[in-house]
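Asks:
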Amino acid sequence: MAEETVVHLQGVRKAFNQGTPFETEVLHGIDLKLQRGEFCAVVGPSGSGKSTLLNIVGLLDRPSSGSLQISGEETTVLNDSSLTRLRGHTIGFVFQYHHLITAFTALENVMIPMLGAAGFPNPQMRERALQLIDSVGLTQWKDNMAGNMSGGQQQRVAIARALAMNPAVLLADEPTGNLDTKSADAVFSLLRKVNQEQGTTILFVTHNPDLARRCDKTIQVVDGMVIE
Ligand code: ADP
Ligand code: MG
Numbered sequence: 005m006a007e008e009t010v011v012h013l014q015g016v017r018k019a020f021n022q023g024t025p026f027e028t029e030v031l032h033g034i035d036l037k038l039q040r041g042e043f044c045a046v047v048g049p050s051g052s053g054k055s056t057l058l059n060i061v062g063l064l065d066r067p068s069s070g071s072l073q074i075s076g077e078e079t080t081v082l083n084d085s086s087l088t089r090l091r092g093h094t095i096g097f098v099f100q101y102h103h104l105i106t107a108f109t110a111l112e113n114v115m116i117p118m119l120g121a122a123g124f125p126n127p128q129m130r131e132r133a134l135q136l137i138d139s140v141g142l143t144q145w146k147d148n149m150a151g152n153m154s155g156g157q158q159q160r161v162a163i164a165r166a167l168a169m170n171p172a173v174l175l176a177d178e179p180t181g182n183l184d185t186k187s188a189d190a191v192f193s194l195l196r197k198v199n200q201e202q203g204t205t206i207l208f209v210t211h212n213p214d215l216a217r218r219c220d221k222t223i224q225v226v227d228g229m230v231i232e
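Numbering of the sequence shown is given in this note's numbering, commencing with residue 5 and proceeding in unit increments.
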């Protein structure tokens, strides 16, 4: 397959509290290129800037300077509504805590991003959500309240939800951090399956060296710098 750069950061810096006495630069000029279908582990000590990096790649936060291209489009020049739109159609997130709506069913949780994008419900959404729930192995649980599911099941629902819009990039910030070894392994295998079947580019933050080793490559974030 021809190489296709999906994520490209050049000289990305991030400072918080800019222009105040509390200004601190957290990312110090990150260069990073991810190809379509690449599954990249992100490791590094707590506080080194991993989540800040993911939030920037995921268009939840803006770089203070530098360039971020997603599928060749320069994002730093976009206004907030264009960023929100691009994020909705290009990026999926999975966090350490699942952030599901616990009083909604698994199926309803997966439908939410599609509802958000279209503004109104339609039968195709339900079909797609059923497929996604099936692909994460939870068909039997589809009508369970998310709040009543196990941690591993909740993370699988969160992954199905993150895939609702068929994103080119999946950002997973310590998605296995709260899970026992067996559930962590199941969640990792699911991410790998998505990566291989959909060609999704994945950034996967983990403190687990065994899981990191099973990715295509590993980048290390140390003191706001990336070491490949
Ligand atoms: P990691 O995910 O590697 O643990 P983070 O990206 O969460 O690291 O944090 C990197 C540094 O940036 C930390 O020192 C943290 O305190 C600081 N930081 C993160 N978010 C903010 C914020 N919104 N305001 C100020 N400082 C922040
Ligand atoms: Mg973090």
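Cβ atoms here follow ideal geometry from the backbone N, Cα and C, with glycine treated the same way. Computed from a predicted structure; not experimentally measured.
1. Does the distance from the CB of V30 to the CB of G53 come in under 7 Å?
2. Taking Q158 and H211 to be in contact with their CB atoms under 8 Å, please state how far apart those CB atoms are, rounded to whole angstroms.
3. Can you give the beta carbon distance from I137 to L174, rounded, assuming they're within the 8 Å contact cut?
4. Where V140 and V198 are concerned, what is the direct C-alpha to C-alpha distance, given to the nearest angstrom?
5. Are the CB atoms of T106 and G155 nearer to each other than 7 Å?
6. Who are the near neighbours of R165 in its chain, counting only those whose CB is closer than 7 Å to its CB and skipping five residues on each side?
7. Assuming L87 is part of the alpha helix (DSSP H), what are its boundary residues?
8. To the nearest angstrom, how far is the alpha carbon of K186 from that of F99?
9. Run through the DSSP bridge pairs and tell me what M229 is partnered with.
10. If distances are taken between C-alpha atoms only, which option among R160, E131, R132 comes closest to W145?
11. Kindly indicate the opening and closing residues of the alpha helix (DSSP H) around A45.
12. Quick check: what's the CA-CA separation for T222 versus E77?
13. Quick check: the segment 61-72 against the segment 6-26, are there 3 or more CB pairs under 8 Å?
14. I need the DSSP call for S139, collapsed to helix, strand or coil.
15. Less than 7 Å between the beta carbons of V10 and L38, yes or no?
16. Using C-beta distances below 8 Å, list every residue in its chain close to T1, excluding the 5 sequence neighbours before and after it, in chain order.
17. CB of F20 to nearest heavy atom of ligand 1: below 6 Å?
18. DSSP on A172, reduced to helix/strand/coil?
19. Ligand 2 heavy atoms versus the CB of K54: any closer than 6 Å?
20. What does the alpha-carbon distance come out to for the pair I95 and C44?
21. Can you tell me where the alpha helix (DSSP H) with E112 in it begins and where it stops?
Replies: Short version:
1. Mapped onto the sequence shown, residue 30 falls at position 26. Mapped onto the sequence shown, residue 53 falls at position 49. A contact, by the Cβ cut-off of 7 Å.
2. Here residue 158 is taken as the residue at index 154 of the sequence shown, counted from 1. Here residue 211 is taken as the residue at index 207 of the sequence shown, counted from 1. Rounded, the Cβ-Cβ distance is 20 Å, inconsistent with contact.
3. Looking up residue 137 in the sequence shown gives position 133. Looking up residue 174 in the sequence shown gives position 170. Taking 8 Å as the upper bound for CB-CB distance, I137 and L174 are not in contact here, some 17 Å apart.
4. Translated into positions along the sequence shown, residue 140 becomes position 136. Translated into positions along the sequence shown, residue 198 becomes position 194. A direct Cα-to-Cα measurement between V140 and V198 gives close to 9 Å.
5. As a position in the sequence shown, residue 106 is number 102, starting the count at 1. As a position in the sequence shown, residue 155 is number 151, starting the count at 1. One thing to note: T106 has its Cβ no nearer than 7 Å to the Cβ of G155.
6. For the purposes of this step, residue 165 is identified with residue 161 of the sequence shown, where counting begins at 1. Close CB contacts of R165 within its chain, under the 7 Å cut and outside five residues either way in sequence, are with N113, V114, I116, P117 (chain order).
7. Taking the first residue of the sequence shown as 1, we reach residue 87 at position 83. Residues 84-94.
8. As a position in the sequence shown, residue 186 is number 182, starting the count at 1. As a position in the sequence shown, residue 99 is number 95, starting the count at 1. C-alpha separation (whole angstroms): 18 Å.
9. Along the sequence shown, read from residue 1 onward, the residue named residue 229 stands at position 225. According to DSSP, M229 bridges with V226.
10. On the sequence shown, position 141 is the one that residue 145 refers to. Distance from the Cα of W145 is smallest, within the candidate group R160, E131, R132, for R160.
11. As a first step, residue 45 must be located in the sequence shown, where it is residue number 41. Counting along the chain, A45 falls outside any alpha helix (DSSP H), though it belongs to the beta strand (DSSP E) covering 43-47.
12. One-based indexing of the sequence shown puts residue 222 at position 218. One-based indexing of the sequence shown puts residue 77 at position 73. One Cα belongs to T222, the other to E77, and the distance between them is close to 25 Å.
13. Contact holds: three or more Cβ-Cβ distances are below 8 Å.
14. Your numbering for residue 139 matches position 135 in the sequence shown. Of the three classes helix, strand and coil, the one that applies to S139 here is helix, per DSSP.
15. Locating residue 10 in the sequence shown gives position 6, counting from the first residue. Locating residue 38 in the sequence shown gives position 34, counting from the first residue. Yes. Within cutoff.
16. Residue 1 lies beyond the residue range present for the chain, which begins at 5 and ends at 232; the question has no answer from this structure.
17. Your numbering for residue 20 matches position 16 in the sequence shown. Yes, ligand 1 has a heavy atom inside 6 Å of this Cβ.
18. On the sequence shown, position 168 is the one that residue 172 refers to. In the structure shown, A172 falls within a coil segment according to DSSP collapsed to helix, strand and coil.
19. Here the question's residue 54 lines up with position 50 in the sequence shown. Relative to ligand 2, the nearest heavy atom lies less than 6 Å away from the CB of K54.
20. Residue 95 sits at position 91 when you count from the first residue of the sequence shown. Residue 44 sits at position 40 when you count from the first residue of the sequence shown. Approximately 15 Å, taken between the alpha carbons.
21. The residue you call residue 112 lines up with position 108 of the sequence shown. That run of the alpha helix (DSSP H) goes 110-122.
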